[in-house]
Every structure is written in structure tokens, then in C-alpha cells.
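So the structure is just underneath, and the comments pick up after that.
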Amino acid sequence: MPTDTHHSKEPERAHPGRVTVSVDAMGSDKGPATVVEGIAKSIRKNPDLAILLHGRADELRPLISKHGIEDAVTLHDAEDIVTMDQKPSHVMRHGKGTSMWSCIDSVRAGDAQVAVSCGNTGALMAVSMVRLRKLEGVNRPAIACLWPSRNPSGFNVMLDVGADIRADEDDLLQFALMGASYARNGMGLARPRIGLLNVGTEEHKGRAELKVAHDLIAHNAPKADFEFVGFVEGGDIPSDRVDVIVTDGFTGNVALKTGEGTAQLIRDLMREAFNHSILSKFAAVLALGSLKRLQKRIDPRRANGGVFLGLNGTVIKSHGSADATGVSAAVKLAYELGLSNFNERLAARVASAEGFDGAGDGERTAS
Numbered sequence: 200m201p202t203d204t205h206h207s208k209e210p211e212r213a214h215p216g217r218v219t220v221s222v223d224a225m226g227s228d229k230g231p232a233t234v235v236e237g238i239a240k241s242i243r244k245n246p247d248l249a250i251l252l253h254g255r256a257d258e259l260r261p262l263i264s265k266h267g268i269e270d271a272v273t274l275h276d277a278e279d280i281v282t283m284d285q286k287p288s289h290v291m292r293h294g295k296g297t298s299m300w301s302c303i304d305s306v307r308a309g310d311a312q313v314a315v316s317c318g319n320t321g322a323l324m325a326v327s328m329v330r331l332r333k334l335e336g337v338n339r340p341a342i343a344c345l346w347p348s349r350n351p352s353g354f355n356v357m358l359d360v361g362a363d364i365r366a367d368e369d370d371l372l373q374f375a376l377m378g379a380s381y382a383r384n385g386m387g388l389a390r391p392r393i394g395l396l397n398v399g400t401e402e403h404k405g406r407a408e409l410k411v412a413h414d415l416i417a418h419n420a421p422k423a424d425f426e427f428v429g430f431v432e433g434g435d436i437p438s439d440r441v442d443v444i445v446t447d448g449f450t451g452n453v454a455l456k457t458g459e460g461t462a463q464l465i466r467d468l469m470r471e472a473f474n475h476s477i478l479s480k481f482a483a484v485l486a487l488g489s490l491k492r493l494q495k496r497i498d499p500r501r502a503n504g505g506v507f508l509g510l511n512g513t514v515i516k517s518h519g520s521a522d523a524t525g526v527s528a529a530v531k532l533a534y535e536l537g538l539s540n541f542n543e544r545l546a547a548r549v550a551s552a553e554g555f556d557g558a559g560d561g562e563r564t565a566s
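So for the sequence shown, this note's numbering puts the first residue at 200; every next one is plus one.
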């Protein structure tokens, strides 16, 4: 049976020597059964993966037993749950007994390398900020997402997609450094290409802070070992021109939600078109192989997991509505980031920006 530890006690280290991922079992819209099923999928594919699972032990124990994953899971009992409608301020005052709080505290204590939760995004960011604190030199943490693209990997990275609606030139430089580190360690890109999202590719376009950020990122690219391609437009987000798209949280979140809505519209319209008549249904049968390949390529579950960057610990936010495949994708990403010692490398990357040359105004220090 999995080991139980009460939430008021120090969590027990699960399986020393493995990559240990801390998972909030209770935050999913679909319930803990879906989370445990997703964990089981990941464990079967990654034998070196250990899970520290947080939630109501009486509910989770039979689910763990059902999937036969007792040897890979350490159960940490936490009775309370953060609901999707709770305000972050309420969770900060009353959330210490929740599975989400317990999940983040395991990373803080060093019992797990990465945390994964399907729960309330605002609450998760608030708890992560307070319990893990920002990396030294980071002004604003960012959420990075994977975006389907024409690149060989199938994805591009975009950040920020909603951690904070504001970002000045120094923040955008830090986003570029963090995005490069994510692409390098999470996607295996030795020298990622960075683009700064703007209303045009011409250097004279855009807000003042974007123009300054352009020069700062270009100046830091050689020593940070990434290629800066300059300004990119919305149409470049899914292109093979760039690997990482840097923007503020307001713009990034609007782009993300627009992309998700458009993808859903296309899927619905294709379904309607192929069900329109007997001939169209026959055509769908003939095109079944191609349609399956397309579905796999644009399946949002494969890119499930926004990564909180800029904290003293790695946190992955899975979609609340993710099914077992989506949860498994988020846990797989957590495993890969933990395997690469991602957060230590990210901290070094951020620290490398301190003391850089400003854009024609003497010495500056990244904040």
C-alpha cells in the first residue's frame, strides 16, 4: 500500500534516486480518478518516475490500488480542496490544509522536483509565489505554454500567457532568458530562436518598451546562447521561423484563448461537414487515416501543461478539464524538466542577465 502522511507533518521523500513529481489529485474538473489514471499512464512509460500524491487518502487509496501503482506512489493525506471559484486571497488565508498547498510545499521542502495541479490557476500562482518565492533577479514570473507549430518538435513555446498582464522591457528580457532555458531543457533545442511579439516586424513599430526590449534581448543573445530573430507577428506564433515567442501576459493570454477557440471551431466545422450527407460521410471514411494524423498533430492534450517560470521551484498547471491523456502529458513534462535539473539551470540563466549593457544609456542591472 502507498505510504500515508498527514498534511501537518513533513512529507516523506518518495523513492530516493528517482525523479519525484508532486501531484495535486483533487484539483481536476473530472475528479481524482482521472488524475490517478493519468499518473498511471506516465508511470508505465517512465519507470524512474515517482509520485507524491496529495489529496483525500480514503478516496485515493483504492484508485491507486486499481491501477497497481502502489510502488511508485507515496500518498500524502490532505482533506481540503481548492475549488475553481475560490479567490486567491481566500486560499492564501484558509488554504493550508488543501491538496494544492500540500503539493507546492513538497517542492519547497525538496521532497519533489516539480509540482503538477489541474486546479484554480489564480490560486495556484498565488500559493506558488508565497511558498516558493521568486528567483533572485526575477521581477515577474511568467506562464509558458506549448503551441502547435510547423517546427520538427511540433511545438513552439510562448510566454507570458497570463501570470501578469503587465511587462516592461526588463521583464521581457527575463522572459526571453527563461523561455530559452525552457526550450533548451524541456524540448532539447541547443540554440533556440527567440522572437518578440509585436504588431509588425519592422523595428520602428510598437510601444516604446518593446523597442527597448528588442535591443536588450539582442544584446544578451550571444552570451545567453540563443538566436534572436527580432520582432514577430501573430501569424508567426505557429510558424517554423521561431522557437520561443515572448510577450506580456495580457497579449499572450488573449492569443492563447483565441487559438484554443479557433481550433475548437475548426474541429466542429469539420465534423459538421463530414456529417452533412452520405457522400461526405463516405469521404470521411476514405480520409480517416489523414484525419487521425491531423487530430494527433493538433490534439491539445499533447501540449497540456503551462509552466510557471521564475520561482524557486517548477510548477506545472494542467487544464482543469484535462482527461487522463492530458494529465499524463503534464506529468511527463514534469518528469522531463525534473530529469534535466531545469530550475537550477533556469536560475543560472536569469542570473546571467545581471549587469548587462543598456540600449544606449550606460550600464543597467536587470531587476
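Where is the CB? At the ideal position from N, CA and C, for every residue including glycine.
All of these numbers come straight from a predicted model, not from anything done at the bench.
Taking only the alpha-carbon atoms, compute the straight-line gap between LEU532 and SER316 and give it to the nearest angstrom.
Cα to Cα, the separation comes out at about 13 Å.
Other residues of its chain near ILE268: CB distance less than 6 Å, five sequence neighbours each side excluded
Cβ contact annotation for ILE268 (same chain, cutoff 6 Å, sequence separation greater than five): ALA239 and ILE242, in chain order.
Tell me whether the stretch 344 to 364 and the stretch 439 to 455 touch, counting them as touching only if at least three CB pairs, one residue from each stretch, are closer than 8 Å.
A contact exists between the stretch 344 to 364 and the stretch 439 to 455.
Residue range of the unbroken alpha helix (DSSP H) whose run includes THR219
In the DSSP assignment, THR219 falls outside any alpha helix (DSSP H) and within the unbroken beta strand (DSSP E) covering 218 to 223.
CA-CA distance, GLU368 and ALA412?
Rounded to whole angstroms, GLU368 to ALA412 spans 4 Å at the Cα level.
Going residue by residue through the stretch 431 to 514, where are the continuous alpha helix (DSSP H) segments of at least 4 residues, counting only ones entirely within it?
You should have 448 to 473, 477 to 485 and 487 to 497.
Range covered by the beta strand (DSSP E) that runs through GLY537:
From DSSP, GLY537 is part of no beta strand (DSSP E) but of the alpha helix (DSSP H) over 523 to 538.
Which same chain residues, not among the five before or five after ARG365, have their C-beta less than 7 Å away from its C-beta?
Within the same chain, Cβ atoms closer than 7 Å to the Cβ of ARG365 are found at ASP447, the five residues on either side in sequence being excluded.
What are the complete alpha helix (DSSP H) segments, minimum 4 residues, inside the stretch 270 to 352?
As far as the stretch 270 to 352 is concerned, its whole alpha helix (DSSP H) runs of at least 4 residues are 287 to 293, 298 to 307 and 320 to 331.
Own chain residues within Cβ distance below 6 Å of SER520, not counting five before or after:
If we look at SER520 and ignore the five residues flanking it on each side, its Cβ neighbours are ASP228.
For GLY458, the nearest candidate out of VAL281, LEU345, ASP284 and ALA407 (CA to CA)
With respect to the C-alpha of GLY458, the residue from VAL281, LEU345, ASP284 and ALA407 having the closest C-alpha is LEU345.
When the Cα atoms are used, what is the spatial distance from GLN285 to VAL484?
Taking the CA atoms as reference points, GLN285 sits about 46 Å from VAL484.
Exposed or buried, which one is PRO246 when buried takes at least 16 other CB atoms within 10 Å?
Burial is judged here by how many other beta carbons sit within 10 angstroms of a residue's own beta carbon; PRO246 has fewer than 16 and is exposed.
Under the three-state DSSP convention, the category LEU358 falls into
In the three-state reduction of the DSSP assignment, LEU358 falls in the strand class.
From the DSSP output, in three-state form, read off GLU408 for me.
DSSP places GLU408 in helix when its eight states are reduced to three.
How do the stretch 300 to 320 and the stretch 384 to 400 stand: do at least 3 beta-carbon pairs fall below 8 Å, yes or no?
Touching, no.
Element boundaries [beta strand (DSSP E), containing ALA249]:
Segment 248 to 254, the beta strand (DSSP E) holding ALA249.
LEU545 lies in the alpha helix (DSSP H); which residues open and close that run?
Start and end: 541 to 550.
Strand pairing of PHE182, partner residues [DSSP]:
Outside the shown range of the chain (200 to 566) lies residue 182, about which nothing can therefore be said.
Distance, GLY488 Cα to VAL443 Cα
The straight-line gap separating the alpha-carbon atoms of VAL443 and GLY488 is approximately 31 Å.
Which residue or residues does DSSP assign as beta-bridge partners of LYS516?
According to DSSP, which records beta bridges pairwise, LYS516 is partnered with SER316 and GLY505.
For GLU260, which three-state DSSP category applies?
The question names Glu, but residue 260 in the sequence shown is Arg. The three-state secondary structure of ARG260, taken from DSSP, is helix.
Are the CB atoms of SER301 and ASP414 within a distance shorter than 9 Å?
Cβ distance not < 9 Å, so ASP414 and SER301 don't count as in contact.
To the nearest angstrom, report how far apart ALA567 and LEU274 are at their CA atoms.
The question about residue 567 has no answer here: the residues shown for the chain are numbered 200 through 566.
Closest residue to ASP276 among VAL431, GLY254 and SER352 (Cα-Cα distance):
Among VAL431, GLY254 and SER352, the Cα nearest to that of ASP276 belongs to GLY254.
Hey, would you say ALA249 sits closer than 9 Å to ALA232, going by beta carbons?
No, the Cβ-Cβ distance between ALA249 and ALA232 is not below 9 Å.
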